[in-house]
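Participant: Next up is a structure, given as structure tokens.
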Amino acid sequence: MIDKIKYHKDNRKYFKVQRQVAPGSSKISFGYIVDFSKDFILLQETDDFDLNGYSIFPIKSIAEIQFNNKDKYYDKIMHLEGLVDKISYKHQVDLTSWTTIFKSIKLLGLNVVIKNEDPKDETFDIGPITKVTKTAVYIRYFDSQGFLDIEPTKISYKLITIVKFDEHYTNTMSKYLRERKTNTKQKS
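Okay, so the sequence shown: first residue is 380 according to the numbering used here, each after it adds one.
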């Protein structure tokens with residue numbers, strides 16, 4: 380597995396994988412590998428011939444690496460369009476553990492999307508990281524109107540299947556985050 384990962388990274392080849400997110404349930408991730416450790420992959424994601432942020436997921440979740448003729452043709456177009464040359468590893472993220480990953484992203488000042496893609500317990504959390512411990516990360520969730528929750532949400536590492544950051548949607552919304560107005564009028 381590590382040899383295939385290294386091959387795709389070193390040769391800047393399109394990387395498409397099926398990740399097992401729960402027993403009998405999988406999700407597809409695709410893009411270009413910009414870094415990896417013995418436990419995690421850092422992928423620059425692609426979407427319709429465009430680069431869009433980064434994702435990190437455990438290597439142990441990989442059920443299958445796919446690089447068929449369709450993937451090879453997509454990769455060829457990405458090269459011909461000059462998009463592969465724009466792939467960069469502009470953020471240094473320590474891929475040793477979830478703890479080091481979240482500490483690194485917090486230091487970068489970037490907001491995250493954290494998912495549990497298990498259909499029986501699916502969660503989607505987005506927002507700034509407020510605290511990182513040995514077993515969990517805390518974020519202040521924001522909704523589609525940019526309102527931040529008052530209290531941070533605790534997310535156990537055991538429940539995380541993928542983390543995304545520096546994506547267009549998250550970065551754009553993050554510029555317009557706001558606090559909810561609370562009723563501070565005193566009764567007379």
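Beta carbons are placed, not taken as given, at the ideal position from N, Cα and C, and that holds for glycine. Since the model is a prediction, treat every value here as computed from it, not as a measurement.
1. In or out: D454 buried (at least 16 other Cβ within 10 Å) or exposed?
2. How big is the Cα-Cα spacing for G461 and S405?
3. Where do the N-terminal and C-terminal ends of the alpha helix (DSSP H) with S476 fall, by residue?
4. If we count the other Cβ atoms within 10 Å of its Cβ and call it buried at 16 or more, is Y411 buried or exposed?
5. Check whether the Cβ atoms of N495 and I505 sit closer than 8 Å, and answer yes or no.
6. Below 8 Å on the Cβ atoms is my contact criterion, and I expect K482 with F446 to pass it. Report the Cβ-Cβ distance as a whole number of Å.
7. Quick one: is I456 buried, meaning 16 or more other Cβ sit within 10 Å of its Cβ, or exposed?
8. Taking C-alpha atoms, which residue in Y517, G525 and K395 lies nearest to E443?
9. Are the beta-carbon atoms belonging to I407 and Q397 less than 8 Å from one another?
10. Output needed for F436: all residues of its chain with C-beta closer than 8 Å, excluding positions within five of it in sequence on either side, in chain order.
11. With which residues is K395 paired in a DSSP beta bridge?
Facilitator: Looking at the atomic coordinates:
1. One-based indexing of the sequence shown puts residue 454 at position 75. Label assigned to D454: buried.
2. Sequence index remark: in the sequence shown, residue 461 carries index 82 (1-based). Sequence index remark: in the sequence shown, residue 405 carries index 26 (1-based). Straight across, the Cα-Cα distance linking G461 with S405 is about 31 Å.
3. On the sequence shown, residue 476 is found 97 positions in, with the first residue counted as 1. Careful: S476 lies outside any alpha helix (DSSP H) and carries neither H nor E.
4. For the purposes of this step, residue 411 is taken as the residue at position 32 of the sequence shown. Burial call: buried.
5. Counting from one through the sequence shown, the residue named residue 495 turns up at place 116. Counting from one through the sequence shown, the residue named residue 505 turns up at place 126. No, they are not a contact pair.
6. Taking the sequence shown and counting its residues from 1, one reaches residue 482 at position 103. Taking the sequence shown and counting its residues from 1, one reaches residue 446 at position 67. Incorrect: roughly 33 Å between the Cβ atoms, too far for contact.
7. Within the sequence shown, residue 456 is the residue found at index 77, counting from 1. Per the 10 Å Cβ criterion, exposed.
8. For the purposes of this step, residue 443 is taken as residue 64 along the sequence shown, with counting starting at 1. Comparing Cα-Cα distances from E443 to each of Y517, G525 and K395, the minimum goes to K395.
9. For the purposes of this step, residue 407 is taken as residue 28 along the sequence shown, with counting starting at 1. For the purposes of this step, residue 397 is taken as residue 18 along the sequence shown, with counting starting at 1. Against a cut-off of 8 Å, the Cβ pair of Q397 and I407 comes out as a contact.
10. Within the sequence shown, numbered from 1, the residue matching residue 436 stands at position 57. Around F436: R398, S408, F419, I420, L422, T540, I541 and V542.
11. As a working note, residue 395 is residue 16 in the sequence shown. According to DSSP, K395 bridges with F409 and Q445.
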